[in-house]
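294 is the number of the first residue of the sequence shown in the working numbering; add one for each residue after it.
Take a look at the structure set out below.
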Amino acid sequence: MNRRQKTSFAGAVACLVTLFVLVIPVITIRGTQQPLGAYYASGPVGAGGIGFFALLGIVVFLSGERGSADPATVAGISLVLSLALVSLAVLWFFSIGDTLLFSFSNQHSWLEWHPVAVIATGLVILAASGGYTAAVIE
């Protein structure tokens with residue numbers, strides 16, 4: 294496996310991890326559908342945009358190595374996509390109101406760190422995209 298293949302695979306895995314981290318509250322929190330819906334809908338796009346870009350990122354990262362697209366084109370698209378994903382995650386983080394975030398019970402206090410975890414996984418996607426782009430340019 295060369296560097297380009299490794300970073301492409303790492304980017305696709307990071308996109309999957311981002312999706313998983315994004316849906317953890319839906320899986321674990323029961324009985325609070327209305328605050329949870331408002332939590333995910335916070336901001337101009339909400340968490341749905343982050344999930345969409347993460348799903349799209351899987352396709353983009355894998356298409357360059359499967360021969361479906363030119364690797365240089367994939368590198369550019371993955372950079373723009375990962376920057377947009379991180380930007381949406383940061384915007385979502387700042388759009389979640391404190392009242393909404395702290396309206397969940399004490400057993401769900403970990404939820405205040407959830408958007409930070411989504412941003413962190415988005416930064417991993419961005420790093421993989423940068424690594425893939427550097428490998429393509431070489």
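A virtual CB, placed ideally from N, CA and C, is assigned to each residue, including glycine.
Item                                                                                                                                                       : Value
Below 8 Å on the Cβ atoms is my contact criterion, and I expect residue 408 with residue 389 to pass it. Report the Cβ-Cβ distance as a whole number of Å. : 6 Å
Report yes if the C-beta distance between residue 384 and residue 422 is below 8 Å; otherwise report no.                                                   : no
Return the Cβ separation of residue 428 and residue 300 in integer angstroms, given the expectation that the two are a contact with Cβ distance under 8 Å. : 6 Å
Quick check: the stretch 308-321 against the stretch 359-367, are there 3 or more CB pairs under 8 Å?                                                      : no
Compare the Cα-Cα distances from residue 365 to each of 295, 294, 425 and report the closest residue.                                                      : 425
Buried or exposed: where does residue 402 fall if 16 or more other Cβ atoms within 10 Å of its Cβ makes it buried?                                         : exposed
Return helix, strand or coil for residue 323, following the three-state DSSP convention.                                                                   : coil
Cβ atoms of residue 351 and residue 410: under 8 Å apart, would you say?                                                                                   : no
If you follow the alpha helix (DSSP H) that residue 411 is in, where does it begin and where does it stop?                                                 : 407-430
Measuring straight from C-alpha to C-alpha, what distance separates residue 381 and residue 400?                                                           : 27 Å
How many angstroms separate the CA atom of residue 303 from the CA atom of residue 398?                                                                    : 35 Å
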